[in-house]
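For what it's worth, our numbering labels the leading residue of the sequence shown as 888, then goes sequentially.
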Amino acid sequence: AAYLMATHSNGISARQMWRQLGLGSDKSAWLLCAKLRRAMVNPARALLSGLVEIDETQISYRTEDDPVAGCGGRSPEGKMQVVVAVEVIDNAPGRLRLGVIEDASSASLHPFIKASVAPGATLKTDGWSAYPGVPGYKHEPHVVGKMAAHIVLPWVHRVVSNLKTWGLGVDHGLRRQHLQSYLDEFVFRFNRRRTPHAAFRTLLGIGVAIPPVTYNMLIAAEARG
């Protein structure tokens, strides 16, 4: 299960895991996938550094009342704000961080920056007024104006495009209460895109290092999130 989760190019859904491994129920498959996603976040991971592109986007999610057929069960009102930070190294994307936020205010963005980006880094943004003012960081605003946003922040927008395409195929759409764990899975896979087999070893290493959790603990944690 861990090998499938770590090396599958587009990720593997709980339903696919259930069918492929012959698990007892889809609930068991969901619990297994949720535990593996939890092991995709290394508590000791290094912060992004150097030049970091950062922007916000909206990600659609499926509500309990949405159908699962057709266009993936997307509700037009079902959208959440997500902040995207991409480390840029030699004009190419390095590591990635994603986070669910309440809104695009400084109260939401600044904690994400502090938790994801090392002090001294340069934050390249589209000039949104909520980004300046984080102590210890340089700010490099590039006001979009008439220029296309993907030109100002190319790597952020490439990640967002890939993320939205990937989200359409995850269990017929992302659930709001599980969105951060799915973002963590996307980050894990993106940051190890060149070394999928090393990703498997990393997943096992983190999995044995973090405390175990139960189904009820996972549900409670995601409900709070």
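Glycine residues also receive a C-beta, built at the ideal position from the N, C-alpha and C atoms.
As the structure is a computational prediction, the values presented were derived from the model and not from experiment.
- Shown here, residue 986 sits in a strand according to DSSP, grouped into three states.
- Non-local beta-carbon contacts of residue 935 in its own chain, meaning distances under 7 Å to residues more than five positions away in sequence, involve 972, 974, 982, 984, 1003, 1004, 1005 and 1008 in chain order.
- Nearest to residue 1047 by alpha-carbon distance, out of 905, 930 and 980, is 980.
- Counting only the Cα atoms, residue 904 lies some 18 Å from residue 1075.
- Here residue 997 is not near residue 1012, since their CB atoms are 9 Å or more apart.
- If you look at residue 944, you'll find it in the beta strand (DSSP E) that goes 938-947.
- Per DSSP, reduced to three states, the secondary structure at residue 924 is helical.
- Around the beta-carbon of residue 1027, fewer than 16 other beta-carbon atoms lie within 10 Å, marking it exposed.
- Residue environment for residue 1072: buried (at least 16 other C-beta atoms within 10 angstroms of its C-beta).
- Bounds of the alpha helix (DSSP H) holding residue 903 are 901-908.
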